[in-house]
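Asker: Per numbering that gives the first Met the number 0, residue 0 is the first one in the sequence shown, and the count goes up by one each step. The beta carbon of each residue, even a glycine, is placed where N, CA and C say it ideally should be. Treat the numbers as computed from the prediction; the structure is a model and nothing was measured. Have a look at the structure that comes next, please.
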Amino acid sequence: MSEPTRADFRAVIDPARLRAEYETRGLDAADVDPDPVVQFRRWFDEAAASAIVEPHAMTLSTVDASGRPQARVVLLRGLDERGFAFYTNRESAKGHELADAPHAALTFAWLPLHRQVRVTGPVTELPDAASDAYFALRPRGAQIGAWASAQSAVLPDRAALDEAVARVREGFGDGDIPRPPHWGGYAVKPEVVELWQGRPNRLHDRLRYRRDGGRWVVERLAP
Ligand SMILES: Cc1cc2nc3c(=O)[nH]c(=O)nc-3n(C[C@H](O)[C@H](O)[C@H](O)COP(=O)(O)O)c2cc1C
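Right, here's the structure in full:
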């Protein structure tokens, strides 16, 4: 058997072909896993196997103290019984928002596959051990950045950030860099999960999972 060629590879991940396939196949309650996390993993694996850049990028929406929504992209760094995990600075704007209102919405937009996933639920801080373990895996430059950047604070100019980085780098020398106390993980526990599959004529498929007691109910929503 011959090695696959570049063209073969492109055919496998060609987003237009995949998208057409998913649009044709659509999405039905009978075909999805009864557990939305299992189903999410399926879709995530398909997104990761496609040409999508950063399939783990998700928009994290929170609510600020005045009730206004705030949204930004973060990276999904884990998914287990605690929920969808991400890491950040707990003293950042989002950190303060989550301390005051510990609920969030996540949105994954896998546009080449014409898919969107929305997740909402309560947010908890991950235990220190999990944050330590993840921080230790980060490249040294990112570890230094976590100490040097007071995320979301106003800076006078770029030089102020560069100077803070240089000070932190010098302070740690060649030694190990521990996790800053203000840096750590959060998990969004899914309460509602919606899968959206683009279909022709804007008659898209939307399936929403919601918790009903101890089980998940799947409902179809109008597009
Ligand atoms: C692709 C992408 C991935 C990002 N990943 C993270 C992340 O995992 N954690 C994080 O704190 N910020 C991440 N950011 C930066 C955030 O979008 C945001 O600028 C930052 O967290 C400050 O947000 P806040 O001021 O609302 O707290 C990412 C941005 C992009 C565009």
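Measure the alpha-carbon distance for Met0 versus Arg41 and round it to whole angstroms.
Answerer: Any answer about Met0 is weak, because its pLDDT of 45 lies below 50 and its placement is not dependable; what the coordinates show is given next. Taking the straight line joining both Cα atoms gives about 29 Å.
Asker: Hey, quick one: how far does the beta strand (DSSP E) through Ser130 stretch, first residue to last?
Answerer: Not the beta strand (DSSP E): Ser130 falls in the alpha helix (DSSP H), residues Asp127 to Leu136.
Asker: Name, in chain order, the residues that DSSP records as bridge partners for Glu102.
Answerer: Checking the sequence, you will find His at residue 102 rather than Glu. Partner(s): Pro121.
Asker: So what does Trp42 bridge to, in DSSP terms?
Answerer: Under DSSP, Trp42 takes part in no beta bridge, so it has no partner.
Asker: Is there at least one non-hydrogen atom of ligand 1 closer than 7 Å to the beta-carbon of Asn200?
Answerer: no
Asker: Just the Cα atoms here: how many angstroms apart are Thr106 and Ser151?
Answerer: So the two alpha carbons sit approximately 21 Å from each other.
Asker: Between Gly144, Gly120 and Ala132, which lies nearest to Glu80 when the distance is taken from Cα to Cα?
Answerer: Gly120
Asker: Does the beta-carbon of Pro222 have 16 or more other beta-carbons within 10 angstroms, so that it is buried, or is it exposed?
Answerer: Answer is exposed; the Cβ neighbour count stays below 16.
Asker: Which same chain residues, not among the five before or five after Val167, have their C-beta less than 8 Å away from its C-beta?
Answerer: Ile143, Trp146 and Ala147
Asker: If we define contact as Cβ-Cβ less than 8 Å, is Gly120 a contact residue for chain E?
Answerer: Of the protein chains in this structure there is only one, and it is not chain E.
Asker: Between Asp32, Pro33, Val187 and Asp131, which lies nearest to Ala103 when the distance is taken from Cα to Cα?
Answerer: Val187
Asker: Report the partner residues of Tyr185 according to the DSSP bridge assignment.
Answerer: Phe85 and Glu124
Asker: Answer yes if the region 118-137 comes into contact with the region 44-53, meaning at least three C-beta pairs across the two stretches below 8 Å, and no otherwise.
Answerer: no
Asker: Whole angstroms are fine: how far does the CA of Arg198 sit from the CA of Thr23?
Answerer: 7 Å
Asker: Does the beta carbon of Phe39 fall short of 7 Å from some heavy atom of ligand 1?
Answerer: no
Asker: Got a sec? Which residues, its chain only, sit under 7 Å from Arg219 by beta carbon, not counting five neighbours each side?
Answerer: Ala28, Arg205 and Leu206
Asker: Apart from the five residues just before and just after Pro179, which ones in its own chain have a Cβ nearer than 6 Å to its Cβ?
Answerer: Cβ contact annotation for Pro179 (same chain, cutoff 6 Å, sequence separation greater than five): Ala145 and Trp146, in chain order.
Asker: In the structure shown, what three-state DSSP assignment does Gln142 receive?
Answerer: helix
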